[in-house]
Amino acid sequence: MNNRECLDRAKNKIADLSVGSRFEVKELFEEVDWKALSRGERITFGKVFANEVREGNIPNVCPMERGKNNHSKYEKQGE
């Protein structure tokens with residue numbers, strides 16, 4: 860699965876989330892799909908996702924503070 864496919868899956872999952880939902884990128888995927896990616900692929904996709912959020916390409920999603928595990932957290936905002 861390439862970054863474009865991952866982004867498409869993530870956007871579809873975000874569309875199903877309730878406003879105010881907080882999430883980590885890995886929560887947008889089935890565990891088996893996420894673990895099928897190598898550690899490097901997961902890190903790279905996390906950076907791609909963060910950049911897409913910052914650039915406004917993933918609407919209604921805002922970055923939050925990092926969690927204790929240093930994973931980026933996001934929140935779905937209202938439209």
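Per my numbering, residue 860 is the first one in the sequence shown, and the count goes up by one each step. Cβ atoms here follow ideal geometry from the backbone N, Cα and C, with glycine treated the same way.
By DSSP, does residue i sit in helix, in strand, or in coil?
i      : result
Arg898 : helix
Phe882 : strand
Phe888 : coil
Asn929 : coil
Glu938 : coil
Any beta carbon of chain C sitting closer than 8 Å to that of residue i?
i      : result
Arg925 : As a matter of chain content, chain C is missing from the structure shown, which is built from one protein chain.
In terms of residue numbering, what span does the beta strand (DSSP E) encompassing residue i cover?
i      : result
Lys870 : Looking at the DSSP string, Lys870 is not in any beta strand (DSSP E); the run it does join, the alpha helix (DSSP H), is Asn862 to Asp875.
Lys935 : Tyr933 to Lys935
Pro918 : Unbroken run through Pro918: none, as it is neither H nor E.
Between residue i and residue j, how many whole angstroms is the CB-CB distance? I'm expecting something under 8 Å.
i      : j      : result
Tyr826 : Phe888 : Absent from the model: residue 826. The displayed extent of the chain is 860 to 938, so no value can be given.
Gln936 : Asn919 : 5 Å
Select from the options the residue whose C-alpha is nearest the C-alpha of residue i.
i      : options                           : result
Val912 : Glu900, Glu864, Trp893 and Lys870 : Lys870
Arg901 : Val878, Asp875 and Leu866         : Leu866
Asn929 : Met860, Gly905 and Glu914         : Gly905
Arg868 : Arg925, Val878, Glu886 and Met923 : Glu886
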